[in-house]
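Working notes for the structure below.
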Amino acid sequence: MEFLQDAPQLAHPWHGDRSLHALLDRALPADRRAALEADLDALGDYAQMAWLRAARSTRRKPVLTQWDAWGRRIDRIELTTAWLEGPQLATRHAVLAAGHEAHPDARLEQFARVYLYHLASEFYTCPLAMTDGAATALKASGNAALIGRALPHFLSRDAATLWLSGQWMTETIGGSDVGQSETVARQDAAGQWRLHGRKWFSSAVVGETALALARPEGAAAGPGALALFYVETMDGEQRKPELRIDRLKDKLGTQELPTAEIHLDGLPAWPLGELAHGVRQVAPMLNITRTWNAVCAVASMARAISLARDYAARRQAFGRPLIEQPLHARTLADMQAEFEGAFALTFEVAHLLGRVENDRARPDEAALLRLLTPLAKLWTGKLAVKLCSEALECFGGAGYIEDTGLPQLLRDAQVYAVWEGTTNVLSLDGLRALAHGGLAALRTTLDAWSAGTGDASAVQAIHAALDAATAYFEQHREARESLEAGARGFALTLARCAAAALLARQAAWSDRHGDPRPAAALRRFVGHGLDRLGAPMDAADTRLLLS
Ligand code: MFK
Numbered sequence: 366m367e368f369l370q371d372a373p374q375l376a377h378p379w380h381g382d383r384s385l386h387a388l389l390d391r392a393l394p395a396d397r398r399a400a401l402e403a404d405l406d407a408l409g410d411y412a413q414m415a416w417l418r419a420a421r422s423t424r425r426k427p428v429l430t431q432w433d434a435w436g437r438r439i440d441r442i443e444l445t446t447a448w449l450e451g452p453q454l455a456t457r458h459a460v461l462a463a464g465h466e467a468h469p470d471a472r473l474e475q476f477a478r479v480y481l482y483h484l485a486s487e488f489y490t491c492p493l494a495m496t497d498g499a500a501t502a503l504k505a506s507g508n509a510a511l512i513g514r515a516l517p518h519f520l521s522r523d524a525a526t527l528w529l530s531g532q533w534m535t536e537t538i539g540g541s542d543v544g545q546s547e548t549v550a551r552q553d554a555a556g557q558w559r560l561h562g563r564k565w566f567s568s569a570v571v572g573e574t575a576l577a578l579a580r581p582e583g584a585a586a587g588p589g590a591l592a593l594f595y596v597e598t599m600d601g602e603q604r605k606p607e608l609r610i611d612r613l614k615d616k617l618g619t620q621e622l623p624t625a626e627i628h629l630d631g632l633p634a635w636p637l638g639e640l641a642h643g644v645r646q647v648a649p650m651l652n653i654t655r656t657w658n659a660v661c662a663v664a665s666m667a668r669a670i671s672l673a674r675d676y677a678a679r680r681q682a683f684g685r686p687l688i689e690q691p692l693h694a695r696t697l698a699d700m701q702a703e704f705e706g707a708f709a710l711t712f713e714v715a716h717l718l719g720r721v722e723n724d725r726a727r728p729d730e731a732a733l734l735r736l737l738t739p740l741a742k743l744w745t746g747k748l749a750v751k752l753c754s755e756a757l758e759c760f761g762g763a764g765y766i767e768d769t770g771l772p773q774l775l776r777d778a779q780v781y782a783v784w785e786g787t788t789n790v791l792s793l794d795g796l797r798a799l800a801h802g803g804l805a806a807l808r809t810t811l812d813a814w815s816a817g818t819g820d821a822s823a824v825q826a827i828h829a830a831l832d833a834a835t836a837y838f839e840q841h842r843e844a845r846e847s848l849e850a851g852a853r854g855f856a857l858t859l860a861r862c863a864a865a866a867l868l869a870r871q872a873a874w875s876d877r878h879g880d881p882r883p884a885a886a887l888r889r890f891v892g893h894g895l896d897r898l899g900a901p902m903d904a905a906d907t908r909l910l911l912s
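Below is the structure:
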């Protein structure tokens, strides 16, 4: 009988996740922690079922049918099974609604659900993220009519009344630089605003609503003159004729997600607030979707590590299981330590968000949240690609074979660095956030987070890296070009400092509860180095290297 290798088995994503258990045990009051259990159990069950189902099924993509047999424009999109199950799952387990409960722990509890649901949902979390962002932007706008109309649908706990929102920003002329948008808003004879233009990356075009940037007719050029509008896409069961889906994108990953190019041909629209400063008005949405992005990126890392670990115990090479091979074990341990750091930072952002939204944060914590949100997004976006790539390698050639389900992890992970602002755009946003006092807030908070640890060398490393980052900022703050040129290394250094301090806090708590593993993660994470500033490079060398 020929040798047959066992496939990797997916451990229950909730029962088997010690990081999530330790976090929730530490951070939540006992009654709220207990109340969460049923949803996390069910979402973990669903995730395990979805992994097994995917292994037995032919992979499908959404299909756009633009015309019916009689020539009527229909733009119907057929969705995958997980997407059809999405409204039920999301509402039954309050994946959106839980985050908007009036409680400082609401966001942490919500994002624990998101983390478990994300991969099984086949990125149905994308429209959920945008809907969450739209709910948050609507609340921030104070537009009572739109809040009354849309919010009950966005936060519905009943699949029959759930509405999803898109986020229509990107155009052919501008992805990062949305200020160049060409979509125009015109008022018709009755005073109704209508949108005319083309949106080039409409993620998850299935939503009943969207928030869209457009330039009111006659307004000046540039970002400040853009306005933010709310639109509805459906007339009952029919898509509105003023919205045309030109085609679905053919993407590297996230293939179950119907990302579309669309034309707006007079689609009725309602401004959220003033008819200008649309970027400022959409910013609350961006910060929410960026938090989802980070949580989903760590979910991909957790999945990749879980499968690679399981496989390392099953696969024998050179006379023993891979996990007993010192170099392979070390590789996995390195991945685990980086994951734990990213996990700690991401869920701290989620927790802080809930405290800030519920007026339970100190003033400097609002500044801290503003800074840590882009840092978490940009770091986890890159790290997910790195760890998923490393995980595929842990399977040798099998990791390169489609029907193991492994390559999809890597292809999907690439989106986290691109969505919602690239790494460089987010690095620049980190600089923008410093205007609100984020650096001082970070310094004070890092000390508080790491105060209880017995790991003096970790504390020393955190201080040294933060001092180096602060010195870099002080040295370049008046020289915008060189400050921006080093913004990525600066942002990554701050992210790693924050993650190390958070690991120190978790390690101190876990030590008291008899678990020495987070302390080992802290040592290893710090051992990888916190300072990512890199050697300075002058602009002349940059030009030479590009010439
Ligand atoms: C599973 C996970 C799912 C995740 C969801 C997936 C959905 C994916 C769909 C997409 O990817 S949609 C495309 C997303 N596109 C972007 O994220 C755009 C990236 N570009 C940027 O973020 C640029 O930095 C930006 C568009 C914001 C630059 O625009 P501007 O107008 O040149 O910015 P400016 O003038 O610096 O800022 C305008 C105002 O917004 C300022 O406020 P004031 O007017 O009061 O001075 C800024 O402070 C404010 N602002 C900008 N970013 C902010 C912010 N405020 C708070 N938070 C921020 N992040």
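Going by this note's numbering, the first residue of the sequence shown is number 366, and it counts up by one from there.
Each residue gets a CB set at the ideal place from its N, CA and C atoms; glycine is no exception.
Could you tell me whether any non-hydrogen atom of the ligand MFK is closer than 7 Å to the CB of residue i?
| i | result |
| --- | --- |
| residue 906 | no |
| residue 650 | no |
| residue 345 | A query on residue 345 cannot be resolved here, the shown segment of the chain reaching from 366 to 912 and no further. |
| residue 820 | no |
| residue 645 | yes |
| residue 532 | yes |
| residue 490 | yes |
| residue 784 | yes |
| residue 776 | no |
| residue 789 | no |
| residue 418 | no |
| residue 723 | no |
| residue 410 | no |
| residue 566 | yes |
| residue 495 | yes |
| residue 870 | no |
Spatial neighbours of residue i within its chain, please: C-beta separation below 6 Å, excluding the five flanking residues on both sides.
| i | result |
| --- | --- |
| residue 512 | 503 |
| residue 584 | 590 |
| residue 970 | This structure does not reach residue 970, given that the chain is present from 366 up to 912, and the question cannot be answered. |
| residue 653 | 497, 498, 501 |
| residue 852 | 792, 793, 796 |
Using the rule of at least 16 other Cβ atoms within 10 Å of the residue's Cβ for burial, across every protein chain shown, is residue i buried or exposed?
| i | result |
| --- | --- |
| residue 570 | buried |
| residue 751 | exposed |
| residue 557 | exposed |
| residue 793 | buried |
| residue 720 | buried |
| residue 760 | buried |
| residue 728 | exposed |
| residue 435 | exposed |
| residue 476 | buried |
| residue 424 | exposed |
| residue 700 | buried |
| residue 479 | buried |
| residue 566 | buried |
| residue 530 | buried |
Would residue i and residue j qualify as a contact pair, given that the criterion is a beta-carbon distance under 8 Å?
| i | j | result |
| --- | --- | --- |
| residue 598 | residue 613 | no |
| residue 827 | residue 733 | no |
| residue 635 | residue 497 | no |
| residue 522 | residue 462 | yes |
| residue 535 | residue 579 | no |
| residue 623 | residue 439 | no |
| residue 776 | residue 618 | yes |
| residue 913 | residue 830 | It is not possible to answer for residue 913, since the shown part of the chain is limited to 366 through 912. |
| residue 481 | residue 405 | yes |
| residue 630 | residue 561 | yes |
| residue 717 | residue 730 | yes |
| residue 361 | residue 637 | Outside the displayed span of the chain (366 to 912) sits residue 361, for which this structure offers no information. |
| residue 465 | residue 723 | no |
| residue 672 | residue 375 | yes |
| residue 742 | residue 680 | no |
| residue 575 | residue 596 | yes |
Going by beta carbon distance, what residues of the same chain come within less than 8 Å of residue i, once the five residues before and after it are set aside?
| i | result |
| --- | --- |
| residue 688 | 674, 677, 678, 694, 697 |
Going by beta carbon distance, what residues of the same chain come within less than 7 Å of residue i, once the five residues before and after it are set aside?
| i | result |
| --- | --- |
| residue 868 | 705, 706, 709, 883, 886, 887, 890 |
| residue 803 | 732, 733, 735, 736 |
| residue 810 | 733 |
| residue 899 | 854 |
| residue 929 | Any property of residue 929 remains undetermined from this structure, which presents the chain solely from 366 to 912. |
| residue 646 | 502, 506, 593, 637, 638 |
With a threshold of 7 Å (Cβ to nearest heavy atom), would residue i be considered close to the ligand NAD?
| i | result |
| --- | --- |
| residue 588 | This structure does not include the ligand NAD; its bound ligands are the ligand MFK. |
*Which runs of the alpha helix (DSSP H) spanning at least 4 residues fall entirely within the segment 497-571, listed in chain order?*
You should have 509-519.
*Kindly provide the ranges of any alpha helix (DSSP H) runs that are 4 or more residues long and lie completely inside the segment 627-695, ordered along the chain.*
643-679
*Counting only runs of 3+ residues fully inside the segment 728-797, write out the beta strand (DSSP E) ranges in chain order.*
As far as the segment 728-797 is concerned, it has no whole beta strand (DSSP E) run of at least 3 residues.
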